[in-house]
Amino acid sequence: MQPAPEPAFFDNPAIDNLIAVTMELGAELWVQRERMRIIEKILAEKGVVTAELIEQYTPSAEESAAVRAERDAFVQRLFGAFARETVKATP
Numbered sequence: 000m001q002p003a004p005e006p007a008f009f010d011n012p013a014i015d016n017l018i019a020v021t022m023e024l025g026a027e028l029w030v031q032r033e034r035m036r037i038i039e040k041i042l043a044e045k046g047v048v049t050a051e052l053i054e055q056y057t058p059s060a061e062e063s064a065a066v067r068a069e070r071d072a073f074v075q076r077l078f079g080a081f082a083r084e085t086v087k088a089t090p
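Quick note: the sequence shown uses numbering that gives the first Met the number 0, first residue 0, plus one each step.
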């Protein structure tokens, strides 16, 4: 059984595909940045990092708030272009 087709938002499917790729890459980049932040924090505190320490890490309320602010800024930088005003290119 084939999966259901993806919904289209634009007349040109290439645009939908580019947006989907951009969203996936942005999500993956954020996950990597967040994991690296945790690794650096654990390394600074304990001098050693293990997969178990990474998975068990729980940020403080202050740290969570700072990460949310950083994430919001990241999303705005990465995806803000989708909301900007544009004009047709001139020949």
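Ideal placement from N, C-alpha and C gives every residue a C-beta, glycine not left out. This one's a predicted model, so the numbers in the text were calculated from it and none came from an experiment.
> What's the C-alpha gap between Gly46 and Ile37?
Replying inline: Taking the sequence shown and counting its residues from 1, one reaches residue 46 at position 47. Taking the sequence shown and counting its residues from 1, one reaches residue 37 at position 38. Straight through space, the alpha carbons of Ile37 and Gly46 are spaced by roughly 13 angstroms.
> Can you tell me whether DSSP reads Met0 as helix, strand or coil?
Replying inline: Taking the sequence shown and counting its residues from 1, one reaches residue 0 at position 1. Reduced to three states, the DSSP call for Met0 is coil.
>> Could you check whether the segment 13–29 touches the segment 51–68, counting it as contact only if at least three pairs of C-beta atoms, one from each stretch, sit closer than 8 angstroms?
In response: No: the two stretches stay apart, fewer than three of their Cβ pairs being nearer than 8 angstroms.
> What's the gap between the Cα of Pro2 and the Cα of Val74?
Replying inline: For this step, residue 2 is matched to residue 3 along the sequence shown. For this step, residue 74 is matched to residue 75 along the sequence shown. Pro2 and Val74: Cα-Cα distance of roughly 30 angstroms.
> In terms of residue numbering, what span does the alpha helix (DSSP H) encompassing Ser63 cover?
Replying inline: Position 64 of the sequence shown holds residue 63. Its alpha helix (DSSP H) spans residues 60–78.
>> Using the three-state DSSP reduction, which class does Glu33 fall into: helix, strand or coil?
In response: Taking the first residue of the sequence shown as 1, we reach residue 33 at position 34. Reduced to three states, the DSSP call for Glu33 is helix.
>> What residue range does the alpha helix (DSSP H) around Glu54 cover?
In response: Stepping through the sequence shown from its first residue, residue 54 is reached at position 55. 50–55 is the span of the alpha helix (DSSP H), which, as asked, contains Glu54.
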